[in-house]
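First comes the structure, then the notes that go with it.
In this note's numbering, the protein residues as written are 7 to 349.
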């Protein structure tokens, strides 16, 4: 398959944090021994991407760099490692490498361990969203099972991840308490089959939250908001409960009530998928990725709001950030894919 692709490609090029990336023509990368070269079909814009562009992501890459954390595509070349070679010609979901260029380009190289072959019944547009949200949802379930938690709270529940958790929790028989901040989001989640939906804008929200957490014995909350949301959750959980922060949509710091921690044995910690994945045994991780494909195979929990090309990025990310609840915006460097890739 060597040389069955061009030497140049279009890519979004980030030269300075806090500014939008520019469209450029750059060299197509060559795969190293353990790497595969992927012709990118689709790459979603996630909240983590927006944070990365601002320079506020936990790990910064050396600039200039091509952004983008996850994607789908076809493996068109590889290094000489036998496991990398086995991926040639396959449609895959993939993570970008921890260092170096990401997925907002026509081609990307990444280590073969960051790649998961897609089942034939999964369209590549859905496959582009396999690695972050479905894996995160199943990680939340895994944490609950590990600690024998029977119920969880999730904030920003009208997000793509929140909708995915509805099915994941139902399948795992974990009670899900959904927190949103607008009435239309309550109605949206109800249409997706969610129960236990709370609106944080209600005047009696804290009372509602405390009541349902006590009733369901919800001992863990996953918080995408930060700030006052974290303290609200901490105070509402029963004794011994814990809040795991996985986002900071509010942009605010939080101040904890020491009473919750000192006398009620409550904890606050963080959840970062990029840190969680490497700690998992390989066989367990492969099982999670397999189950992630089952989770997205119907597409019912995923709303694709818009597909854009690289040169439509500026308008596309503004649209996404203005209304994340509307669904995902996919960057499609080679056009708008459906269920197959034409090399």
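All C-beta atoms in this analysis are idealised placements derived from N, C-alpha and C, irrespective of residue type, glycine included.
{"Asked": "The beta strand (DSSP E) enclosing residue 123, as first and last residue numbers", "Found": "121-123"}
{"Asked": "Endpoints, beta strand (DSSP E) assigned at residue 100", "Found": "97-101"}
{"Asked": "Touching by the beta-carbon criterion (3+ pairs, under 8 Å), the segment 159-175 and the segment 318-334", "Found": "yes"}
{"Asked": "Cutoff 7 Å; reference residue 266; Cβ partners in own chain excluding five residues on either side", "Found": "240, 241, 272"}
{"Asked": "Sequence-distant residues of the same chain with beta carbon closer than 6 Å to residue 96, five excluded per side", "Found": "81, 123"}
{"Asked": "Residues sharing a beta bridge with residue 83, DSSP", "Found": "43"}
{"Asked": "Classification of residue 259 by the beta-carbon crowding that lies within 10 angstroms, buried from 16 upward", "Found": "exposed"}
{"Asked": "Inter-stretch contact at 8 Å, needing at least 3 Cβ pairs: the segment 222-236 / the segment 125-134", "Found": "no"}
{"Asked": "Buried versus exposed call for residue 278 [16 or more other C-beta atoms within 10 Å across all chains shown]", "Found": "exposed"}
{"Asked": "Residues bridged to residue 113 [DSSP beta-bridge criterion]", "Found": "45"}
{"Asked": "Stretch pair the segment 211-223 + the segment 192-201: three plus CB contacts closer than 8 Å", "Found": "no"}
{"Asked": "C-alpha gap between residue 315 and residue 78, whole angstroms", "Found": "15 Å"}
{"Asked": "Exposure of residue 59, with buried meaning 16 or more beta-carbon neighbours within 10 Å", "Found": "buried"}
{"Asked": "Residue from 91, 70, 119, 158 with nearest C-alpha to residue 20", "Found": "70"}
{"Asked": "Per DSSP, the bridge partner or partners of residue 276", "Found": "251"}
{"Asked": "Cross-strand partners of residue 259 (DSSP beta bridge)", "Found": "Partner(s): none; residue 259 has no beta bridge."}
{"Asked": "Cut-off 7 Å between Cβ atoms - residues of its own chain near residue 36, not counting five sequence neighbours on either side", "Found": "none"}
{"Asked": "As assigned by DSSP and simplified to three states, the class of residue 179", "Found": "coil"}
{"Asked": "Counterpart residues of residue 205 in DSSP-defined beta bridges", "Found": "186"}
{"Asked": "Three-way DSSP call (helix, strand, coil) for residue 269 in this model", "Found": "coil"}
{"Asked": "Cβ pair count under 8 Å reaching 3, the segment 281-298 against the segment 247-263", "Found": "no"}
{"Asked": "Per-residue burial, residue 321 [other beta carbons within 10 Å of its own, 16 or more giving buried]", "Found": "exposed"}
{"Asked": "Simplified DSSP state of residue 337, which is helix, strand or coil", "Found": "strand"}
{"Asked": "One or two residues paired with residue 436 in a DSSP bridge", "Found": "Since the first residue of the chain shown is 7 and the last is 349, residue 436 is not available in this structure."}
{"Asked": "Candidates 98, 244, 234, 275: closest to residue 255 by CA position", "Found": "234"}
{"Asked": "Short Cβ contact (8 Å threshold) for residue 11 with residue 155", "Found": "no"}
{"Asked": "Where the beta strand (DSSP E) containing residue 22 begins and where it ends", "Found": "Here residue 22 belongs to no beta strand (DSSP E), and DSSP marks it neither H nor E."}
{"Asked": "Residue 39 vs residue 86 beta-carbon contact at 8 Å", "Found": "yes"}
{"Asked": "Secondary structure of residue 221, DSSP reduced to three states", "Found": "helix"}
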